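J.: The structure's right below; bear with me while I get my questions together.
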RNA sequence: CGGCGUGUAGCGCAGCCUGGUAGCGCACUACUUUGGGGUAGUAGGGGUCGUCGGUUCAAAUCCGGUCACGCCGACCA
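Numbering (the numbering used here), first residue to last: 797 to 1197.
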């Protein structure tokens, strides 16, 4: 990786982003237009997003389910605004098993239509409500202009779908999930967000009201990072989602839907990274630290690796997400550049001096204010005793978050 | 989908104007060297020049179609 440096943010923010995504091995283009391959360094971030958000959804009473990729085309046309909004970007399957299908199937651009069709079967009376469902899935929209993570034809997301007895209950749910997104952005993505309500022209196709969180990027642009929709009774009426109420009358249910996508990964990249490469909030980083052993000869190599392996095993056993970089064909300096580009929050250097003193050198990806200031023009280096390494990693993680 | 631009080894590029045996740097492989901020050397491997067609004795090079990517616009999580 002795390539040239990244284009700077100042020179061309957009080129900087594109280069960073590819060179930090987050994602790259697939042979199919608009689709991306998410590499482990990028998918690891998404996995951390999933794990943490999923817990928040469960804690607020939601359950996961899964609905199919293919939806009968006719379903898409049942809600007037919905069809108008999504028709231009649908991918349609017309053949299967070598024959033309009687009814074309669309690849889901979102799952309201299939999910509320199923909800209608599940609900008879008010005691069947609320239904609080989430699904983790891929969706497909035929986008004209795409960018890795920020807008791709196929993307990964979660979509929450709920059905409620009353309008006020649905509105409360819509706002509650907007709050979940805000909390997640602030606590896990370390990204300040602005919440607000979308104008009618930006509203989700078929929704009564759309709320959103907007994250502020380094180029002073806002990025829509998550949406929460109060769907009113629009879909309930279109898909015959009815129940017998407490007063004995038959009523339409009130729905909400809310989602965040792999765009969040793009948002994290743009919020924190610098001209050296990726910077990740430790809570969402696939790994928090990498161990780089340093030695000059076989004798040193043996002792250093033994010591480093012990530190590595100890950290692993205590639940830290750490990596060992024992590649022998690369100098330590080259590794430093590579891991800084890839955004690992801290690296742990272990050389003969450390073995002798039972210490390690911890170098955080970004300068930590509360620690001793780095020498001018140098990275901040923290000398840490092995016994206090775990605590130090915890402290630094919190400081970086 | 409209305008402009690009496509040659894994990555970055030269060659194209003026058609005639496909090159450079990095990366990769082997050995040696070096190792606390991108070590250095020697010897190697790897490309039907995005793709389809046309012109020509001959096409990376000229012409046309098409696909993909980038930027600007319209649309969008």
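Glycine included, C-beta positions come from ideal geometry on N, C-alpha and C. Predicted, not measured: the structure shown is a model, and the values here were computed from it.
For residue 1024, which of 1067, 1124, 999, 912 has the nearest alpha-carbon?
T.: Here the closest residue by C-alpha is 999.
J.: Residue range of the alpha helix (DSSP H) that residue 840 falls in?
T.: Where residue 840 is concerned, the enclosing alpha helix (DSSP H) stretches over 836-855.
J.: Is DSSP giving residue 1012 helix, strand or coil here?
T.: Note: residue 1012 maps to strand in three-state DSSP.
J.: Assign residue 1064 to one of three DSSP states: helix, strand, or coil.
T.: Residue 1064: helix per DSSP, three-state reduction.
J.: Under 6 Å Cβ to Cβ from residue 1190, same chain only, skipping five residues before and after it: list those, please.
T.: Closer than 6 Å at the Cβ level, and outside the excluded window around residue 1190, lies no residue.
J.: Residue 1047 lies in the beta strand (DSSP E); which residues open and close that run?
T.: It spans 1046-1048 - the beta strand (DSSP E) in which residue 1047 sits, taken as one unbroken run.
J.: Does the beta-carbon distance from residue 881 to residue 1082 come in below 9 Å?
T.: No. Outside cutoff.
J.: Does the Cβ-Cβ distance between residue 826 and residue 833 come in under 9 Å?
T.: In contact: residue 826 and residue 833 (Cβ atoms closer than 9 Å).
J.: Report yes if the C-beta distance between residue 1076 and residue 1140 is below 9 Å; otherwise report no.
T.: Contact flag set, yes.
J.: Check each candidate in 863, 1097, 1112 and name the one with the smallest Cα separation from residue 1149.
T.: Residue 1149 has its Cα closest to that of 1097, out of 863, 1097, 1112.
J.: Ends of the beta strand (DSSP E) at residue 869?
T.: Residue 869 -> not in any beta strand (DSSP E); alpha helix (DSSP H) instead, spanning 869-872.
J.: Quick one: grab the DSSP three-state call for residue 1158.
T.: In this structure, residue 1158 counts as strand in the three-state DSSP scheme.
J.: Considering only their Cβ atoms, is the gap separating residue 954 from residue 920 smaller than 9 Å?
T.: No, Cβ-Cβ distance for residue 920 and residue 954 is not below 9 Å.
J.: Rounded to the nearest angstrom, how far is the Cβ of residue 1003 from that of residue 1010, given a contact under 8 Å?
T.: Actually they do not touch by this definition, with Cβ atoms about 17 Å apart.
J.: With respect to the alpha helix (DSSP H) encompassing residue 1026, which residues constitute its N-terminal and C-terminal limits?
T.: First-last for residue 1026: 1018-1028, but that is the beta strand (DSSP E), not the alpha helix (DSSP H).
J.: Per DSSP, what kind of secondary structure is residue 1055 in: helix, strand or coil?
T.: Residue 1055 falls in the strand class under three-state DSSP.
J.: Residue 955 lies in the beta strand (DSSP E); which residues open and close that run?
T.: Looking at the DSSP string, the run of the beta strand (DSSP E) that includes residue 955 is 950-960.
J.: Going straight from the alpha carbon of residue 996 to that of residue 973, what length do you get?
T.: So the alpha carbons of these two residues sit roughly 20 Å apart.
J.: Give me the DSSP bridge partner(s) of residue 832.
T.: 825.
J.: List the endpoints of the continuous beta strand (DSSP E) containing residue 1089.
T.: 1085-1089 is the span of the beta strand (DSSP E), which, as asked, contains residue 1089.
J.: Touching or not, the segment 1042-1056 and the segment 957-965, by the rule of three or more beta carbon pairs under 8 Å?
T.: With the cut-off at 8 Å, the segment 1042-1056 and the segment 957-965 touch.
J.: Can residue 863 and residue 914 be called in contact, C-beta distance under 9 Å?
T.: Cβ distance < 9 Å, so residue 863 and residue 914 count as in contact.
J.: Where DSSP assigns a beta bridge to residue 866, which residues make up the other side?
T.: Answer is 903.
J.: By Cβ distance below 7 Å, which residues in the same chain neighbour residue 1122 in space, the five residues on each side in sequence not counted?
T.: Hits under 7 Å: 1089, 1101.
J.: What residues match up with residue 891 in a beta bridge as DSSP calls it?
T.: DSSP, once it has assigned bridges, lists 896 as partnering residue 891.
J.: From what residue to what residue does the alpha helix (DSSP H) around residue 911 run?
T.: From DSSP, the alpha helix (DSSP H) with residue 911 extends over 908-918.
J.: Helix, strand or coil, according to DSSP, for residue 935 in the structure here?
T.: Correct three-state label for residue 935: strand.
J.: Taking DSSP's pairing of strands, which residues face residue 859 in a bridge?
T.: Partner(s): 929.
J.: How many angstroms separate the CA atom of residue 1144 from the CA atom of residue 838?
T.: Their Cα atoms are separated by approximately 22 Å.
J.: Using CA coordinates, which residue listed in 980, 956, 1135 is at the minimum distance from residue 1084?
T.: Residue 1135 is the option with its Cα nearest to residue 1084.
J.: Whole angstroms is fine: what's the gap from residue 848's alpha carbon to residue 1193's?
T.: Looking at the two C-alpha atoms, the distance is approximately 16 Å.
J.: What is the DSSP secondary structure of residue 923, counted as helix, strand or coil?
T.: In this structure, residue 923 counts as helix in the three-state DSSP scheme.
J.: How is residue 803 classed by DSSP in three states: helix, strand or coil?
T.: Coil, per DSSP.
J.: Which residue wins for smallest C-alpha separation from residue 986, given the options 845, 1186, 851?
T.: Here the closest residue by C-alpha is 845.
J.: Tell me, which residues are paired with residue 1180 by DSSP?
T.: Answer is 1156, bridged to residue 1180.
J.: Can you tell me which of 994, 1107, 978, 983 puts its alpha carbon nearest to the alpha carbon of residue 1180?
T.: Nearest C-alpha to residue 1180: 1107.
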